[in-house]
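Please read the structure below before turning to the comments.
Residue numbers (the working numbering): 1 to 96.
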């Protein structure tokens, strides 16, 4: 794995960076279906060092983009995150 992409873990309230980590981010497609008929498709997955701040439905930033963690798998020495990109002005709407 190549930890060559900076991820910022964001707090859920104001979307301020809490911690920065390096990760291996790869394009990836996986669909998540919900009982209400919604289907969300992840666009990336990230391989990251284990960190206690990772949580399902938490937010991260990669560059200018904000992602929500739809799913995560913990392995012996890393965590695999399945990411859904939020719309471009997502974090700006929350601040209003």
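Glycine included, each C-beta is placed from N, C-alpha and C at the ideal position.
I need the boundaries of the beta strand (DSSP E) containing residue i, first residue and last residue.
i	result
residue 76	Residue 76 -> no beta strand (DSSP E), and no H or E assigned at all.
residue 41	39 to 48
residue 22	17 to 33
residue 87	From DSSP, residue 87 is part of no beta strand (DSSP E); its letter is neither H nor E.
Which value, in whole angstroms, describes the spacing of the CA atoms of residue i and residue j?
i	j	result
residue 49	residue 73	12 Å
residue 24	residue 35	31 Å
residue 16	residue 10	5 Å
residue 18	residue 8	7 Å
residue 28	residue 89	23 Å
residue 84	residue 45	9 Å
residue 75	residue 37	31 Å
residue 82	residue 5	15 Å
Within 10 angstroms of its Cβ, does residue i collect 16 or more other Cβ (buried), or is it exposed?
i	result
residue 53	exposed
residue 96	Any reading at residue 96 must be qualified, since the residue scores a pLDDT of 46, below 50, and its modelled position is unreliable; the value itself is stated next. Looking at its Cβ environment, which holds fewer than 16 other Cβ atoms inside 10 Å, residue 96 is exposed.
residue 39	exposed
residue 13	exposed
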